[in-house]
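*Asks:* First, the structure itself, so that you have it in front of you.
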Amino acid sequence: MQNTQQRDLVTRIAILMPYLWLIALFLVPFLIVLKISFSQTTIAQPPYTPVLDLSEGWEGMKQFFAALSTENYATLVSDSLYLWSYLKSLQVAAISTVILLLTAYPVAYALARAPRRWQGVLVLSVVLPFWTSFLIRVYAWINILQHDGLLNQALIALRIVDAPVTWLATDTAVYIGIVYSYFPFMVLPLFAALEKMDNALLEAAADLGAPPWRAFFQITVPLSLPGIAAGTLLCFIPIVGEFVIPDLLGSSSTAMIGQTLWLEFFGNRDWPVASALAVVLLAILVPPILIYRQRETRQYSPSSFRGAPEARARNP
Amino acid sequence: MSARAIVTFENITKRFGDFVAVDGLTLDIFAREFFALLGPSGCGKTTLLRLLAGFEQPDAGRVVLDGEDLAGVPPYRRPVNMMFQSYALFPHMTVAGNVAFGLKQDSLPRDEIAARVDEMLGLVQLRPLAARKPDQLSGGQRQRVALARSLAKHPKVLLLDEPLAALDRKLREETRFELKELQRRLETTFVIVTHDQDEAMTVADRIAVMNRGKLAQVGAPAEVYEQPNSRWVAGFLGEVNLIEGRVTAVYPSFVIVEREGMRLRVAHAPIAPGPAAVALRPENVRVLTTVPEGSFENGAAGTVADIGYLGTMSIYKVRLDDGLVLKAAVMNEQREAVRAVHVNDRVWLSWTPQAGVLLAE
């Protein structure tokens, strides 16, 4: 009896652990940011007010909540700088994600069709560059893209251009950096989806009269939708908040939201506005994730890709 | 049944690396027959089917379908359809969507597609499940969807790759008869690949027994079973007793095969004397408890070594005095408890001259 109870307790703690994890590392920090977003900036340590002081009891709490305001959100709406930052981020994220999808799909497809004994090595070769520091790789791109960098040297040597092209501090450089950096995050989910597709399905499509290109669009693409969705989310969401790549490769005139946020935090020391920016960003990104989750559980249950459990068929 | 060949394999050879899957094989399949390719795994039967579907190209030889050489014709332009062993149903489409897939590729009018899909679902009794996804179906239902999908385009030849292998035994045996019935009704040529001899015997008009990329024997089920042309075919199709001996005397309608202590009379056309074997099906061997009168031929004495009880029949393993073990299948006309013969009993085996098949090497 004692033993069973102990085991129950252990099981409960084990189940609880991920939730504790989420609460400690996600919910609590988020609540702190949310609270700061309703505060006012001040020259002090910390640089915002009010600060919750529990020693003053109930009165202190009341004062604290009375001092909170939505002023920072009003600021975000009133200054078009913020709106443009958001739009710029969404634009960069959307275009980058489309480019990633178009470039990663053929690679993932080739990986999935490669002989099984080569697959491990090939997948590794996609991931391998990402074992080096992210920052070093972005700096390497500065080297490649600068005025007398590798890219310009190559273009001139091949007589494609006569004079060096300005790459650095342009949107093109930002797109190059982002597509390069997020490539594995698009390839791997696509590969996972394509790899488990039964080759007999394509044979069946051909057998029923579908030429290869039609089989691709009617069978392969629909069946890789979960991979497309996962890869898109995995890239789109962090790209929206991307800071390092646009900061190092782009120009300050076209700031993405990450740069604006950084500026508010460290340039202006305006933590409340910066927090408000972060909260709004989260509010923008949560709905697509929820929609995806819902679609995934409804339409692409894992069982539709493997042999279905007989039990389910018997009790429809 | 017309004897017009609808499919002709001409000197087909297909290699995978060093492995010769099909080895210089020539075969005609006639229009409207139910043809079975039967053999152990790796004998090349599935490769032959895939060569016809167009998923493999022969290294040598020609595949001719209805007078047309199929060399260079891709699978999506061949007027044959295949039912896959794994069914290969499209998981993202409904039952109706799966059946309609092939028809949509031909850009048929929408209402014609709908009518044909409905007809096909009616054929396999799946109309109520048209809107289901494959993973909401039982194994037997999915098998019927695959069948309906492969029949929807009215193929000249329907190819069935181990179509019943994934079903449980009872359902498999029922479905055999349904398949046969369906083939008779549709008057379409069916080519089935199977490793299950009962399945081939039940459904097929003719069977090609394959071994190591070659045809071992082609004929009607009763012909390949009762008149096997080699030790291998005799052994592959069901149980058989092989009695090795020598042809010592030849008469107009039978020959005498002798081995130590045994003299066999086998109905056969005259052949040259020499080493030979007699293939004897266990169900043709009688088990007697008393010595048959005055018979030296087609009989032997031995001791019961083992009795296998199978319900409808029992298999008796009888060790002859010279060490050879023969099997005899005996219908259980009486209850097991009152059986007259037991292990270690002395028995006499006997068979008719028509029972044995002479296999000269």
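Chains A and B, in that order, are what the protein sequence lines are. Per this note's numbering, the first sequence starts with residue -1, numbered consecutively. Per this note's numbering, the second sequence starts with residue 6, numbered consecutively. The beta-carbon is built from N, C-alpha and C at its ideal position, and this holds for glycine as well. In this text the structure is predicted, and so the values were computed from the model without any measurement.
Let's see if you can read the secondary structure: which residues bound the alpha helix (DSSP H) around B:Leu57?
*Replies:* Indexing the second sequence from 1 puts residue 57 of chain B at position 52. That run of the alpha helix (DSSP H) goes 50 to 58.
*Asks:* Return the first residue and the last residue of the alpha helix (DSSP H) that B:Asp151 is part of.
*Replies:* Locating residue 151 of chain B in the second sequence gives position 146, where the first residue counts as 1. According to the sequence displayed, residue 151 of chain B carries Ala and not Asp. Element bounds for B:Ala151: 144 to 156.
*Asks:* Just grab the DSSP bridge partners of B:Gly279 for me.
*Replies:* Residue 279 of chain B sits at position 274 when you count from the first residue of the second sequence. Paired residues: B:Val252.
*Asks:* What number of angstroms, rounded off, separates the C-alpha of B:Gly243 from the C-alpha of B:Asp173?
*Replies:* Along the second sequence, read from residue 1 onward, the residue named residue 243 of chain B stands at position 238. Along the second sequence, read from residue 1 onward, the residue named residue 173 of chain B stands at position 168. Going by the C-alpha atoms only, they are around 21 Å apart.
*Asks:* Mind listing the chain A neighbours of B:Ser91? Cutoff is C-beta to C-beta under 8 Å, in chain order.
*Replies:* To locate residue 91 of chain B, count along the second sequence from 1; it is residue 86. Near B:Ser91 (Cβ distances below 8 Å), the residues of chain A are Asp196, Ala198.
*Asks:* For B:Val343, is the classification buried or exposed, using 16 other Cβ atoms within 10 angstroms of its Cβ as the cut-off for buried?
*Replies:* Taking the first residue of the second sequence as position 1, residue 343 of chain B is located at position 338. Classification of B:Val343: exposed, given that the 10 Å Cβ count is below 16.
*Asks:* Applying the 10 Å Cβ sphere with the 16-neighbour rule, what's the burial state of A:Pro16?
*Replies:* For the purposes of this step, residue 16 of chain A is taken as residue 18 along the first sequence, with counting starting at 1. By the neighbour-count rule (16 or more Cβ atoms within 10 Å), A:Pro16 is not buried but exposed.
*Asks:* Considering only residues of the segment 140 to 211 of chain A, which uninterrupted alpha helix (DSSP H) runs meet the minimum length of 4 residues and lie entirely inside it, listed in chain order?
*Replies:* 148 to 155, 169 to 193, 197 to 205
*Asks:* Output needed in chain order: residues of the segment 207 to 219 of chain A with a Cβ under 9 Å from some Cβ in chain B.
*Replies:* Gly207, Ala208, Pro209, Pro210, Arg212, Ala213, Gln216, Ile217
*Asks:* Is there at least one Cβ from chain D nearer than 8 Å to A:Glu240's Cβ?
*Replies:* Among the protein chains of the structure shown, namely A and B, there is no chain D.
*Asks:* Drop a sphere of 10 angstroms on the beta-carbon of A:Pro285, count the other beta-carbons inside from all chains shown, and report buried for 16 or more, exposed for fewer.
*Replies:* Counting from one through the first sequence, the residue named residue 285 of chain A turns up at place 287. Exposed is the call here.
*Asks:* Since A:Leu283 contacts A:Val238 with CB under 8 Å, what's their CB separation in whole angstroms?
*Replies:* If you number the first sequence from 1, residue 283 of chain A lands on position 285. If you number the first sequence from 1, residue 238 of chain A lands on position 240. That pair is a contact at about 6 Å.
*Asks:* Flag B:Arg351 as yes if its beta-carbon sits less than 8 Å from any beta-carbon of chain A, otherwise no.
*Replies:* As a first step, residue 351 of chain B must be located in the second sequence, where it is residue number 346. Chain A contact via Cβ: absent.
*Asks:* Along the chain, where does the alpha helix (DSSP H) that runs through A:Ile34 open and close?
*Replies:* On the first sequence, position 36 is the one that residue 34 of chain A refers to. If you look at A:Ile34, you'll find it in the alpha helix (DSSP H) that goes 26 to 35.
*Asks:* Quick check: the Cα distance between B:Pro45 and B:Tyr81, rounded to an integer number of angstroms?
*Replies:* The count along the second sequence starts at 1 and reaches residue 45 of chain B at position 40. The count along the second sequence starts at 1 and reaches residue 81 of chain B at position 76. Roughly 29 Å separates the two Cα atoms.
*Asks:* So A:Gly207 packs on B:Lys175, CB below 8 Å; how close in whole Å?
*Replies:* Walking along the first sequence from the start, residue 207 of chain A turns up at place 209. Walking along the second sequence from the start, residue 175 of chain B turns up at place 170. In fact, because the Cβ distance is near 35 Å, the residues do not count as touching under 8 Å.
*Asks:* Exposed or buried, B:Thr193, counting other C-beta atoms within 10 Å across all chains shown (16 or more means buried)?
*Replies:* Taking the second sequence and counting its residues from 1, one reaches residue 193 of chain B at position 188. Burial call: buried.
*Asks:* Identify whether B:Phe95 lies in helix, strand or coil by the three-state DSSP scheme.
*Replies:* Translated into the one-based positions of the second sequence, residue 95 of chain B becomes position 90. Looking at B:Phe95 - three-state DSSP - the assignment turns out to be coil, as it is neither helix nor strand.
*Asks:* Using a C-beta cutoff of 8 Å, does A:Ala204 count as contacting chain B?
*Replies:* Reading the first sequence from its first residue, position 206 is the one you call residue 204 of chain A. Cβ-Cβ to chain B under 8 Å: yes for A:Ala204.
*Asks:* So does the segment 15 to 30 of chain B actually touch the segment 51 to 63 of chain B, counting three or more Cβ pairs closer than 8 Å?
*Replies:* yes
*Asks:* If you draw a straight line from the C-alpha of A:Arg312 to the C-alpha of A:Arg114, how long is it?
*Replies:* The sequence position of residue 312 of chain A within the first sequence is 314, counting from 1. The sequence position of residue 114 of chain A within the first sequence is 116, counting from 1. Only weak support is given to the placement of A:Arg312: the predicted model assigns it a pLDDT of 38, under 50, and the question is left unresolved by the model.
*Asks:* Per the contact definition of three or more C-beta pairs closer than 8 Å, is the segment 101 to 116 of chain B in contact with the segment 55 to 67 of chain B?
*Replies:* no
*Asks:* Just to make sure I have the definition right: I need the residues of chain A whose C-beta is within less than 7 Å of the C-beta of B:Gly107. Which are they?
*Replies:* The residue labelled residue 107 of chain B in the question sits at position 102 within the second sequence. Per Cβ cutoff of 7 Å: Leu206, Gly207.
*Asks:* Roughly how many angstroms lie between the CA atoms of B:Arg211 and A:Tyr103, to the nearest whole one?
*Replies:* Here residue 211 of chain B is taken as the residue at index 206 of the second sequence, counted from 1. Here residue 103 of chain A is taken as the residue at index 105 of the first sequence, counted from 1. About 48 Å.
*Asks:* Provide the residue span of the alpha helix (DSSP H) that contains B:Ala135, from first to last.
*Replies:* In the second sequence, the residue the question calls residue 135 of chain B occupies position 130. Where B:Ala135 is concerned, there is no enclosing alpha helix (DSSP H), given that its DSSP letter is neither H nor E.
*Asks:* Taking buried to mean at least 16 other C-beta atoms within 10 Å of its own C-beta, is B:Val100 buried or exposed?
*Replies:* Residue numbering aside, residue 100 of chain B sits at position 95 when the second sequence is read from its first letter. When all chains shown are included, B:Val100 counts as buried.
*Asks:* State the DSSP-derived secondary structure class of A:Trp269, mapped to helix, strand or coil.
*Replies:* As a first step, residue 269 of chain A must be located in the first sequence, where it is residue number 271. Assignment of A:Trp269 by DSSP, reduced to helix, strand and coil, places it in the helix class.
*Asks:* Starting from A:Ala108, trace the alpha helix (DSSP H) both ways and give me its first and last residue.
*Replies:* By 1-based counting over the first sequence, the position of residue 108 of chain A is 110. Segment 78 to 111, the alpha helix (DSSP H) holding A:Ala108.
*Asks:* CB-CB under 6 Å to B:Asn289, same chain, minus the five flanking residues each way: which ones, in chain order?
*Replies:* The sequence position of residue 289 of chain B within the second sequence is 284, counting from 1. Only Trp356, Ala360 meet the Cβ criterion.
*Asks:* Name the chain B residues whose beta carbon is nearer than 9 Å to that of A:Glu294?
*Replies:* Numbered from its first residue, the first sequence carries residue 294 of chain A at position 296. Within 9 Å Cβ-Cβ: nothing; A:Glu294 doesn't reach chain B, min ~14 Å.
*Asks:* Compare the C-beta of B:Asn246 against all C-beta atoms of chain A and say whether one is closer than 8 Å.
*Replies:* The residue you call residue 246 of chain B lines up with position 241 of the second sequence. No Cβ of chain A is located within less than 8 Å of the beta carbon of B:Asn246.
*Asks:* If you drop the 5 nearest sequence neighbours on each side, which residues of the same chain put their C-beta closer than 6 Å to that of A:Ser299?
*Replies:* Stepping through the first sequence from its first residue, residue 299 of chain A is reached at position 301. With a pLDDT of only 48 at A:Ser299, under 50, the local geometry of the prediction cannot be trusted, and the value read off the model is given with reservation. Excluding positions up to five away in sequence, the list is empty.
*Asks:* Looking at chain B, is there any beta carbon in it that lies within less than 8 Å of the beta carbon of A:Leu7?
*Replies:* As a working mapping, residue 7 of chain A is identified with position 9 in the first sequence. For A:Leu7, the answer is no, since every Cβ of chain B falls outside 8 Å of its Cβ.
*Asks:* Determine the DSSP secondary structure at A:Arg310, reduced to helix, strand or coil.
*Replies:* The residue labelled residue 310 of chain A in the question sits at position 312 within the first sequence. Legend: pLDDT at A:Arg310 = 40, less than 50; position of this residue unreliable, value from coordinates given subsequently. Correct three-state label for A:Arg310: helix.
*Asks:* Quick one: which chain B residues come within Cβ less than 9 Å of A:Glu201?
*Replies:* Within the first sequence, numbered from 1, the residue matching residue 201 of chain A stands at position 203. Chain-ordered, the chain B residues with CB closer than 9 Å to the CB of A:Glu201 read Arg55, Ala58, Phe60, Pro80, Met87, Phe89, Ala93.
*Asks:* For B:Phe21, is the classification buried or exposed, using 16 other Cβ atoms within 10 angstroms of its Cβ as the cut-off for buried?
*Replies:* For this step, residue 21 of chain B is matched to residue 16 along the second sequence. A residue is called buried when at least 16 other Cβ atoms come within 10 angstroms of its Cβ; B:Phe21 does not meet this threshold and is exposed.
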